[in-house]
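Enquirer: If you scroll down you'll find the structure; I have some questions about it.
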Amino acid sequence: MTVHLNSQSDLDDAIHALVRQDTRLKPILEVTGMPALRQREPGFAGLAAIVCGQQLSTASAGAIWARLVAAFDPFDHHAVGKARTDRLGRLGLSAAKIKTLKHIARELAAERLNLEVLAEEDADAAHHTLTALPGIGPWTADVYLLFCLGHGDAWPAGDIAIQEAIKVGLGLKERPTPKQMTPLAEPWRPYRGAAAHLWWSYYRVLKKREGVLASEA
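Heads up: the sequence shown begins at 1313 in the working numbering, then just goes up one per residue.
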């Protein structure tokens, strides 16, 4: 069963099902209240925006993205595929990011990649499809699946904020590693994406209550 988080109502239903499934999460929800659904643009543009923001401050990423969108009308894989590399570089993209976006554009144009069908696939299979693309790491793949496609079982195991929240919320001695996060989340299938929203909300509570360093996220 593939759960989709395309509206706040979808997330509400998934959170309630999640808490019934794992009662350890009930006190977490009581502290956070219902998390708000976070959504981003789907398709090539959504994935490109995440790639552009990798390892950059929010301000820098926003400025580069604004220049890209302004330079191409429409901004899609056809435009990026045809664009000169030096033009993309002048807009602020690094050589590595240009290579990534060019490769994705070619895969989409050749119909070897279909981003829309990933929303219907098993989360782990969809994750593997994206991380097989050059320049797409686990975090980028999971953020795209969760926020752009609304995949209800996407699980960003490498997210430090979620790791810290789980450490405190489940009373663990140490912050779990990305490898340890996978078995920890098994009880939350097929709602791991909803669980991620819940743990992010809990992390924000912890930041205010206990002074967890925001820079860690």
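For glycine and all other residues, C-beta sits at the position ideal for the given N, C-alpha and C.
Here the structure is a predicted model, which is why all the values come from computation and not from measurement.
1) Look at the alpha carbon of Glu1528 and the alpha carbon of Ala1473, and state the distance between them as a whole number of angstroms.
2) On the criterion of 16 or more Cβ atoms from any shown chain inside 10 Å, does Glu1476 qualify as buried, or is it exposed?
3) Judging by CA-CA distance, which residue of Leu1461, Gly1481, Asp1454, Phe1459 is the nearest neighbour of Pro1468?
4) Could you tell me the alpha carbon to alpha carbon distance between Leu1427 and Ala1360, rounded to whole angstroms?
5) Check the DSSP bridge columns for His1463 and list the partner residues they point to.
6) Answer with buried or exposed for Met1313, where buried requires no fewer than 16 other C-beta atoms within 10 angstroms of its C-beta.
7) Of the choices Ala1382, Pro1495, Lys1409, Thr1441, whose alpha-carbon is the least far from that of Leu1368?
8) Who are the near neighbours of Glu1419 in its chain, counting only those whose CB is closer than 8 Å to its CB and skipping five residues on each side?
9) For Leu1482, which of helix, strand or coil comes out of DSSP?
10) Short check: CB of Val1315 to CB of Pro1502, under 9 Å?
11) Mind checking which residues open and close the alpha helix (DSSP H) that includes Trp1500?
12) At 4 residues or longer, and completely inside the segment 1404-1457: list those alpha helix (DSSP H) runs for me, N to C.
13) Using only the alpha-carbon positions, how far apart do Thr1494 and Val1343 sit?
Expert: This is what the structure gives:
1) Counted from its first residue, the sequence shown places residue 1528 at position 216. Counted from its first residue, the sequence shown places residue 1473 at position 161. Here Glu1528 scores only 39 on pLDDT, less than 50, and its place in the model should not be relied on; the value that follows carries that caveat. Straight-line Cα distance between these residues: approximately 7 Å.
2) Numbered from 1 along the sequence shown, position 164 holds the residue referred to as residue 1476. That one is buried.
3) Here residue 1468 corresponds to residue number 156 of the sequence shown, with the count starting at 1. Relative to Pro1468, the option among Leu1461, Gly1481, Asp1454, Phe1459 whose CA is nearest is Asp1454.
4) Here residue 1427 refers to the residue found at position 115 of the sequence shown. Here residue 1360 refers to the residue found at position 48 of the sequence shown. Each residue's alpha carbon lies about 12 Å from the other.
5) The sequence position of residue 1463 within the sequence shown is 151, counting from 1. Looking at the DSSP assignment, His1463 forms a beta bridge with His1316.
6) As a working note, residue 1313 is residue 1 in the sequence shown. That one is exposed.
7) Here the question's residue 1368 lines up with position 56 in the sequence shown. Out of Ala1382, Pro1495, Lys1409, Thr1441, the CA that lies nearest to the CA of Leu1368 is found in Lys1409.
8) Counted from its first residue, the sequence shown places residue 1419 at position 107. The residues are Leu1425, Leu1445.
9) Taking the first residue of the sequence shown as position 1, residue 1482 is located at position 170. Three-state result, Leu1482: coil.
10) On the sequence shown, position 3 is the one that residue 1315 refers to. On the sequence shown, position 190 is the one that residue 1502 refers to. Less than 9 Å divides the Cβ of Val1315 from the Cβ of Pro1502.
11) Sequence index remark: in the sequence shown, residue 1500 carries index 188 (1-based). Where Trp1500 is concerned, there is no enclosing alpha helix (DSSP H), given that its DSSP letter is neither H nor E.
12) 1407-1421, 1435-1443, 1450-1455
13) Locating residue 1494 in the sequence shown gives position 182, where the first residue counts as 1. Locating residue 1343 in the sequence shown gives position 31, where the first residue counts as 1. The alpha-carbon atoms of Thr1494 and Val1343 are separated by roughly 24 Å.
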